[in-house]
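*Asks:* Input: one structure, supplied below.
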Amino acid sequence: MDPVIEPAETLANDKTVQVQPRPRASTWLWRPWYAKLWWVAIAAYWAGKVGSFYSSALDDFYTSALAGFLNIAFFPPLALMVLGLGFAREWFESSDWEFVEPTHEQMFPKRSVGGMRDPASDPLDPRSGLHWQHFHRHR
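For the sequence shown, my numbering gives the first residue as 8, with consecutive numbering after it.
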């Protein structure tokens, strides 16, 4: 299957914009030598685990503490997550998404007593007049 390539767009002044092809997951999940090595090791490890049902020597290994750690290292979703980080980074960079820093008000919304929206009835809001003054005098 060919990579997805967006058609070239023509601007009003007849300049052609070339769009970069989208990154492919297989480039990151299978193509590097370390990815192939990891996937082959995963297949061999879990094939050995199946063999441990029939062999007591393998069963001794697969019930050891080392095998517990190897269960994590050779867990297929872990390989997908680790190898997919490069793909996700490249995919994000090739898209037209941009990270927008949230404003201070979005990160730290103004707190009020009981979620009151009316500033006149909120003793924590200086716009509430006498309520605010009374609240701060008796603190």
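For each residue, glycine too, the CB sits at the ideal point set by N, CA and C.
Put Leu131 into one of helix, strand or coil per three-state DSSP.
*Replies:* Three-state DSSP puts Leu131 in coil, outside helix and strand.
*Asks:* If you draw a straight line from the alpha carbon of Gln113 to that of Val107, how long is it in whole angstroms?
*Replies:* If you take the alpha carbons of Gln113 and Val107, they lie about 12 Å apart.
*Asks:* Less than 9 Å between the beta carbons of Phe99 and Thr34, yes or no?
*Replies:* Cβ atoms of Phe99 and Thr34: not closer than 9 Å.
*Asks:* In angstroms with no decimal places, state the Cα-to-Cα distance between Ala64 and Pro39.
*Replies:* Whole-angstrom Cα-Cα distance: 34 Å.
*Asks:* Is Trp104 helix, strand or coil by DSSP?
*Replies:* DSSP places Trp104 in coil when its eight states are reduced to three.
*Asks:* What residues in its chain sit with their C-beta under 6 Å from that of Leu92, if we drop five residues either side in the sequence?
*Replies:* Closer than 6 Å at Cβ, skipping near neighbours: no residue.
*Asks:* Tell me which residue opens and which closes the alpha helix (DSSP H) that Thr70 is part of.
*Replies:* Taken as a continuous stretch (DSSP letters only), Thr70 belongs to no alpha helix (DSSP H), as it is neither H nor E.
*Asks:* Rounded to a whole number of angstroms, what is the C-alpha to C-alpha distance between Pro28 and Trp104?
*Replies:* Approximately 16 Å between the Cα atoms of the pair.
*Asks:* Check for me: the alpha helix (DSSP H) holding Tyr41 runs from which residue to which?
*Replies:* Per DSSP, Tyr41 belongs to the alpha helix (DSSP H) from 40-58.
*Asks:* With 16 other CB atoms within 10 Å as the buried threshold, where does Pro30 fall?
*Replies:* By the 10 Å Cβ count, Pro30 comes out buried.
*Asks:* Skipping 5 residues on each side, what residues in its chain have a beta carbon closer than 6 Å to that of Ser135?
*Replies:* Taken in chain order, the residues that qualify are Pro126, Ala127, Asp129.
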